[in-house]
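Residue numbers (this note's numbering): 332 to 643.
Notes to accompany the following structure.
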Ligand SMILES: [Fe+2]
């Protein structure tokens, strides 16, 4: 029998330590390792956020929850989720042992595989997230992946990452290459943050002031999903690409600034624009500040195999 607090609890799972030490990126979901406490944590997280989803989430998100038959009473088996998901958008949720370097993460999206955390947060600290967990990844992200248009936006992120790696490879001077690719990665990370993680959208069929939530960081936060729509302490502005890529953010408190897109078409146009701006040099000198780009992320872009023929 496992000890309470073990099982597959975030930062406390011996299984994860083991597979990390083996250097694996994609792993199996060892479902039998979830403890009863882990299962209870999922049930509590789901039960308390469900009413907020009904009130604040994008209609496609709620539809996605139904289409995936996302369970309220137990942690999802990724295989079962994928049986519903793959025919809808070609995406699948693929278990990972933890952090995936930026290029590999985006490139997985290009292949319609979503790197998915399988651990779950500590039940004693429901609102504290030292790193993503299965509730954030599967309940927050995956329902949106049932929407073909949204899924295509994620694939575009992978294509932009691939273009960025190719762009960097063309720069002969080492220092210039490092400086520019760091800036491009920062621009991409900010775009991802203010859309896929913390994006707001005009509610389809609603008035111009009527907003809904499609960002997964918000959709998996019991406190912030309501706060981001209702609080007068949040600034909500129409999406402007030049602002988003130059806007730093902090991850350890509710967001004071969010951006609104009009529709999934609008979001798709913006990522097209992001890619167009790269060869023009407009992503090469974005303002400094968060997020920091670590060496693994830099190396992942610099060492990317972008000139192979497979999938090119
Ligand atoms: Fe996320």
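Even for Gly, the Cβ is constructed at its ideal location relative to N, Cα and C.
Keep in mind the model is a prediction, meaning the values are calculated, not measured.
Rounded to whole angstroms, how far is the Cβ of residue i from the Cβ of residue j, which I believe are closer than 8 Å?
i           : j           : result
residue 494 : residue 606 : 6 Å
residue 469 : residue 403 : Incorrect: roughly 13 Å between the Cβ atoms, too far for contact.
residue 553 : residue 388 : No, residue 553 and residue 388 are not in contact; Cβ-Cβ is about 13 Å, not under 8 Å.
residue 406 : residue 373 : 5 Å
residue 570 : residue 483 : 18 Å between Cβ atoms; not a contact.
Just to confirm, is the Cβ distance from residue i to residue j under 7 Å?
i           : j           : result
residue 585 : residue 558 : yes
residue 369 : residue 401 : no
residue 446 : residue 473 : no
residue 421 : residue 443 : yes
residue 528 : residue 547 : yes
residue 591 : residue 617 : no
residue 429 : residue 351 : yes
residue 356 : residue 464 : no
residue 344 : residue 448 : no
residue 349 : residue 409 : no
residue 556 : residue 565 : no
residue 466 : residue 376 : yes
residue 531 : residue 588 : no
residue 496 : residue 635 : yes
Nearest to residue i by alpha carbon, out of the options?
i           : options               : result
residue 615 : 545, 580, 498 and 536 : 498
residue 601 : 637, 503 and 485      : 485
residue 608 : 438, 514, 453 and 506 : 514
residue 390 : 583, 537, 562 and 611 : 537
residue 580 : 562, 526 and 539      : 526
residue 452 : 611, 337 and 578      : 337
residue 502 : 610, 347, 381 and 365 : 610
residue 517 : 462, 613 and 365      : 613
residue 549 : 346, 354, 364 and 380 : 380
residue 362 : 347, 438 and 604      : 347
residue 560 : 534, 583, 582 and 578 : 534
residue 462 : 583, 603, 604 and 627 : 583
residue 471 : 604, 627, 364 and 399 : 399
residue 637 : 419, 353, 438 and 415 : 438
Cβ contact (3+ pairs, closer than 8 Å) linking the stretch 470-481 and the stretch 587-598: yes
Report yes or no: do the stretch 381-399 and the stretch 445-458 share at least 3 C-beta pairs separated by less than 8 Å? no
If you pair each beta-carbon of the stretch 615-632 with each one of the stretch 520-527, do three or more pairs fall below 8 Å? yes
Could you say if the stretch 427-442 and the stretch 626-633 meet the contact criterion of at least three C-beta pairs nearer than 8 Å? yes
Are the stretch 480-491 and the stretch 349-369 touching by the rule of at least three beta carbon pairs closer than 8 Å? no
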